[in-house]
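See below for the structure under consideration.
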Amino acid sequence: MSYSMQLLMTLPELVLAAGSIVLMLVAAFGGQASTKLVSWASVALLAGAGIALAGPASTGGVAFGGLFRADAFATFAKVVIYVAAAVSILIAPNFFQRTSGEDLRPEYPVLILLSTVGMGMMVSAGDLLTLYVGLELQSLSAYILASFMRRDTRSAEAGLKYFVLGALASGILLYGISLVYGFAGTTLFGGIAEAYSAGTSGGQHTGLLFGLVFVFAGLAFKMSAVPFHMWTPDVYEGAPTPVTAYFASAPKVAAVAMAVRVAVDAMGPAIFEWRQIVIFASLASIIFGAVAAIGQTNIKRLLAYSSINNVGFALIGLAAGGEEGVASVLLYMAIYVIMTIGGFLVVLQMRGEDGEPIETIASLSGMSRTRPGLAAALAIFMFSLAGIPPLLGFFAKLGVFIAAVHSGLIVFATVGAAASTIGAYYYLKIVKTMYFDDPAPAFAGKTNFVEGGLIAISAVVISPVGWLVLGAMGTWSLVAAKALF
Amino acid sequence: MTGFPILSVLLAVPAVAAVLCLFVGAQGARWTALLATLVNLALGAWLWTQFQHGDGAPQWQFVEHVTLFKMGGAEFSWALGIDGFAFLLIELSLFLMPICIGASWLSVTKRVPEYMAAFLATEVLMIGTFAAQDLFLFYVFFEGGLIPMYLIIGIWGGVNRIYASYKFFLYTLLGSLLMLIAMIAMVLNTGTTSIPVLMAHDFPANWQTWLWLAFFASFAVKMPMWPVHTWLPDAHVQAPTAGSVILAGVLLKLGGYGFLRFSLPMFPVASVQFMWVVFALSCVAVVYTSLVALVQSDMKKLIAYSSVAHMAIVTMGLFAFNANGIDGAMMVMLGHGVVSGALFLCVGIIYDRLHTREIDRYGGLAINMPRYAVLFLLFTMASIGLPGTSNFVGEFFSLAGVYQVSTWTALIGTTGIILGAAYMLYLFRRVVWGDLTKDDVKAMPDLDGREVAMLVALAAVVLWMGVYPTSFTAPMRADVARLTQRLDSAAHTLSISDSKPTPGSPQAAPTHEASAHEGAH
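Protein chains in written order, with this note's numbering: chain Y, 1294 to 1778; chain P, 1307 to 1827.
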């Protein structure tokens, strides 16, 4: 395969990487004044990268001797990631404008772009080292983004906490990779799969088994699955809200997609070994994410636990395995991203008289009377996250349950389904606060055109109107899943 | 079937009106909702004339089918179609809706547009549940009904409304999720989501047991059966009047409909196995809830407990597996839908005047509200099951059907009727008879035109059902026959109640302990 062809397969990453370096220079020379320009240019770059996906980047196959995979699976994940990244850039200016003492600097969109490049590498990786490099690029940008509000102690704390724990997780992952490399003799997914399939008849080699456990521990941290979830609520609470919206969407999709690829592509033959880990992490995430959320009073922390809970449901699909299971994970994550971004967009509208952000759930009291449209949208997102039909969140859950039952994991699916009742309780609590309680002081300020439009779009997609696109999404996720087998 | 997609239109009219309600202000919303429900009622009347029954009529009518998407090997389609059972329950919903809107005309003053929109959404979801022919579409409608009811109870309910709304939502959700997993297993096993196909499919006997239990978890809560009935009194007491009417009138029928549509035809063997469980729970429910109703001091709670007792008669009748029992169960469902709706309305009418549901606060209403007293008496008698009213037909048939299977169950079931007479007459005596001593009760005006119109409409149907029940049993006769036939063959496989020798064609003996329950009666 010609080198230029291989470069074409990485075109989206090339566009984003080159573009972000140029924009970094613009930011350095243009200073604060260039923020708007850099922001819009970044969104344009993301759109360009999305268009570049249409070519060999989604159909090319294997590039650079197996290091990089340009397949439909990566494309699906990348589209979701690009959309989430673009939204995170679009919603930032208004937030920082209304937050006194903090300005949006042009580095913000550039950092998001860089981390998007990293995520592109993560989901396209065909080798544990490509994966690791992508992951680190994403993480390092994310650490800075978490502490983007320099004068805010919570933001700084979030960044530091994320960094220290993230470094620890990277260490664990790297240790697992080294074990796998040591016993498999390669870091390429294909070679690792051969090493594992040699062990399927007579039991896995202990070294490979240890490697698998450590790799999954590292991946679980990145996905914020229980028991490696502790950083999530603190980071989500401390980070600026647009950044939190970003953390809850794009990196989550990337981490889950990466975990799916590693599990299926590299460690597929060892499914009975990792399935136990995934089932435990899944149920623990669902139950812990639901129970711990009940006592929360801060909406961002609540959404953090909600994201833990949702990763648990996505992992049901991974545990099911097979094309159908992988497709259900992808569909779940795509729908989850729409719901969660919508939720955070509403959180962004929660502002006091002086423009200071309000984050208590109690402040939502009676919002259905002061801001009926906003309340209706948030209610839709909450019911959907709880998995109540006819909203799209139900179909996401239905997909993973179908996959699990198909794989014979009926007890697992039943426990997961029953546990989602616990989760429903705290989503209902938000609806109850907005609709049943007496009004608290209304939030100040009006929703601007971009954010209001995004809220409306996501609410409409989640509503039964979304049934119209669900078929296409389902087909596409199945095509993407087939690329792994 | 080509032609006018009447079922989709029945769903579309309230759906469009619900959205419209949100934009037209309080008075506009009232009129929009009333108009939409009346249009739907008119369409329902047309449906009544078009529905074929008798020889040669197809089982499924007004069928519509559009495949929406495929998901993990399972199809999700917009498949609608009705048989006799669904037809009657749809008519019941269509009939009660305008009355619900009328009942809320003056009593609901806050957030009227949202209220009307929630009610219309409930109508859409109820009709959809009865009309759905796709397993997942059914689930979507069935579960989706939780959202508007949650809001109705929570926003417009009484003092303790928040507790009641949570209880209602979470109780029913947990039951339904187990059913969802069972549905998935069924779809993957058969490769179809079509309810008519599944109704004719014979699942392996060991599967049936588990699937039946999962569906039972959902329907028993919706029904509600003892001991998972506790959400109902709370929800009823806290819900606004129209909410109670719709809850008792239609939402309680979802459980019975579920048994008729799923548990009995799809898992006949398991149904026969679990017959005694259902009988036992129903017997406990009839006696226990009737006794509880007897000591209530809150009118709504009393009627709520009486609903649980009536629903127990329904489950008894259904699980008698003969034409009488199933006919009777359907008639009790329809009759109870109208009568309990009317009774909640009667309570609502005096609640609007005095703002209390304490029975002791009333007394002597016959003196200053004669029109009210007459109509209330009619509905009280109907609830007791006086011949000539709707409930008599249903209760008589169900108990006759049960008697054929188990005399003891029929005996205990009948005590429920006697106790029912006791608590209803006791209620009536305390509220309507007696001396008019309290000043504020003296000041209560009699029914106005709107209230008379609503109650007279209900009374007419109660008498129609009681005097000429054939109008209601004829549409479902063929369906009942099909169902009993299917259940009979299952009963024979299990050789249950085998008092009559059945000659020929011996079958491999199944290994179920249910065969131990041989006809002791």
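Positions of the beta carbon are idealized from the N, C-alpha and C atoms, including for glycine.
Treat the numbers as computed from the prediction; the structure is a model and nothing was measured.
{"Check": "Nearest chain Y C-beta to serine 1522 of chain P closer than 7 Å, yes or no?", "Outcome": "Just to set this straight, residue 1522 of chain P is phenylalanine in the shown sequence, not serine. Chain Y, which has no Cβ nearer than 7 Å to the Cβ of phenylalanine 1522 of chain P, makes this no."}
{"Check": "Would histidine 1498 of chain Y count as contacting chain P if we go by Cβ distances under 7 Å?", "Outcome": "no"}
{"Check": "Cα-Cα, which of P/Asp1508, P/Thr1499, P/Trp1366 is closest to serine 1795 of chain P?", "Outcome": "P/Asp1508"}
{"Check": "For the region 1743 to 1773 of chain Y, which residues have a CB atom closer than 7 Å to at least one CB atom of chain P, in sequence order?", "Outcome": "Trp1760, Leu1763, Gly1764, Gly1767"}
{"Check": "At 8 Å on the CB atoms, spell out the chain P contacts of phenylalanine 1729 of chain Y, in chain order.", "Outcome": "Gly1460, Ile1461, Arg1467, Ile1468, Ser1471"}
{"Check": "Quick one: give me the first and last residue of the beta strand (DSSP E) that tryptophan 1384 of chain P is part of.", "Outcome": "1380 to 1388"}
{"Check": "Run through DSSP, which three-state label would histidine 1507 of chain P get?", "Outcome": "coil"}
{"Check": "Between phenylalanine 1688 of chain Y and tyrosine 1720 of chain Y, how many whole angstroms is the CB-CB distance? I'm expecting something under 8 Å.", "Outcome": "In fact, because the Cβ distance is near 17 Å, the residues do not count as touching under 8 Å."}
{"Check": "In whole angstroms, what separates the C-alpha of threonine 1768 of chain Y from that of alanine 1627 of chain Y?", "Outcome": "13 Å"}
{"Check": "State buried or exposed for threonine 1707 of chain Y, treating a residue as buried only when at least 16 other CB atoms are found within 10 Å of its CB.", "Outcome": "buried"}
{"Check": "Mind listing, in chain order, the continuous beta strand (DSSP E) runs of no fewer than 3 residues lying wholly within the region 1525 to 1573 of chain P?", "Outcome": "none"}
{"Check": "Taking the alpha helix (DSSP H) that valine 1430 of chain P falls in, what are its first and last residues?", "Outcome": "1418 to 1437"}
{"Check": "Decide yes or no for the touch test of the region 1742 to 1756 of chain P against the region 1646 to 1665 of chain P: beta carbon pairs closer than 8 Å, at least 3 of them.", "Outcome": "yes"}
{"Check": "Which residues, taken in chain order from the region 1438 to 1454 of chain P, show a beta carbon closer than 9 Å to some beta carbon of chain Y?", "Outcome": "Phe1442, Tyr1445, Val1446, Phe1447, Phe1448, Glu1449, Gly1450, Leu1452, Ile1453"}
{"Check": "Starting from the C-beta of tyrosine 1539 of chain Y, find all residues in its chain whose C-beta is less than 6 Å away, skip the five residues before and the five after it, and write them out in chain order.", "Outcome": "Ser1381"}
{"Check": "When the distance is taken between beta carbons, is valine 1738 of chain P closer than 7 Å to alanine 1672 of chain P?", "Outcome": "yes"}
{"Check": "At a Cβ threshold of 7 Å, is aspartate 1804 of chain P touching chain Y?", "Outcome": "Reliability fails at aspartate 1804 of chain P, whose pLDDT of 45 lies under 50, so the model's placement of it is uncertain and the value that follows must be treated cautiously. For aspartate 1804 of chain P, the answer is no, since every Cβ of chain Y falls outside 7 Å of its Cβ."}
{"Check": "What does the alpha-carbon distance come out to for the pair alanine 1409 of chain P and glycine 1654 of chain P?", "Outcome": "8 Å"}
{"Check": "What do you get for leucine 1566 of chain P, buried or exposed, if any count of 16 or more other CB atoms within 10 angstroms of its CB means buried?", "Outcome": "buried"}
{"Check": "With a CB to CB cut of under 8 Å and the five nearest residues on each side skipped, what residues in its chain are close to threonine 1352 of chain Y?", "Outcome": "Ala1363, Asp1364, Ala1365"}
{"Check": "Check whether the region 1384 to 1401 of chain P touches the region 1320 to 1330 of chain P, counting contact only when three or more Cβ pairs, one atom from each stretch, lie closer than 8 Å.", "Outcome": "no"}
{"Check": "Buried or exposed for phenylalanine 1507 of chain Y, please, with buried defined as at least 16 other CB atoms from any protein chain shown within 10 angstroms of its CB.", "Outcome": "buried"}
{"Check": "Are the CB atoms of isoleucine 1634 of chain Y and serine 1542 of chain Y nearer to each other than 7 Å?", "Outcome": "yes"}
{"Check": "With a cut-off of 7 Å, does the C-beta of leucine 1835 of chain P fall near any C-beta of chain Y?", "Outcome": "Residue 1835 of chain P lies beyond the residue range present for chain P, which begins at 1307 and ends at 1827; the question has no answer from this structure."}
{"Check": "Can you give me the Cβ contacts of alanine 1356 of chain Y inside the same chain, cut-off strictly under 7 Å, excluding the 5 residues immediately before and after it?", "Outcome": "Gln1299, Met1302, Thr1303, Ala1363"}
{"Check": "Short of 8 Å Cβ to Cβ, which residues in the region 1352 to 1375 of chain P face chain Y?", "Outcome": "Leu1374, Phe1375"}
{"Check": "Taking Cβ-Cβ distances shorter than 8 Å, what residues in chain Y pair up with leucine 1557 of chain P?", "Outcome": "Per Cβ cutoff of 8 Å: no residues; leucine 1557 of chain P is ~16 Å from chain Y at best."}
{"Check": "Report the three-state DSSP secondary structure of leucine 1475 of chain P (helix, strand or coil).", "Outcome": "The residue asked about is misnamed: residue 1475 of chain P is phenylalanine in this sequence, not leucine. Reduced to three states, the DSSP call for phenylalanine 1475 of chain P is helix."}
{"Check": "If the cut-off is 7 Å on Cβ atoms, which residues from the region 1480 to 1506 of chain P count as contacting chain Y, listed in chain order?", "Outcome": "Leu1480, Leu1483, Leu1484, Leu1486, Ile1487, Ile1490, Ala1491, Leu1494"}
{"Check": "In three-state DSSP terms, what is threonine 1740 of chain Y?", "Outcome": "coil"}
{"Check": "Helix, strand or coil for asparagine 1630 of chain P per DSSP?", "Outcome": "helix"}
{"Check": "Considering glycine 1354 of chain Y, what are the terminal residues of the beta strand (DSSP E) in which it resides?", "Outcome": "1354 to 1356"}
{"Check": "Please tell me whether alanine 1380 of chain P has its Cβ less than 7 Å away from any Cβ of chain Y.", "Outcome": "yes"}
{"Check": "Work out the CA separation of alanine 1437 of chain P and serine 1777 of chain P for me, nearest whole Å.", "Outcome": "20 Å"}
{"Check": "Express the C-alpha separation of threonine 1721 of chain P and leucine 1302 of chain P in angstroms, rounding to a whole number.", "Outcome": "Because chain P is modelled from 1307 through 1827, residue 1302 of chain P falls outside the range shown and cannot be assessed."}
{"Check": "Express the C-alpha separation of alanine 1311 of chain Y and glutamine 1439 of chain P in angstroms, rounding to a whole number.", "Outcome": "55 Å"}
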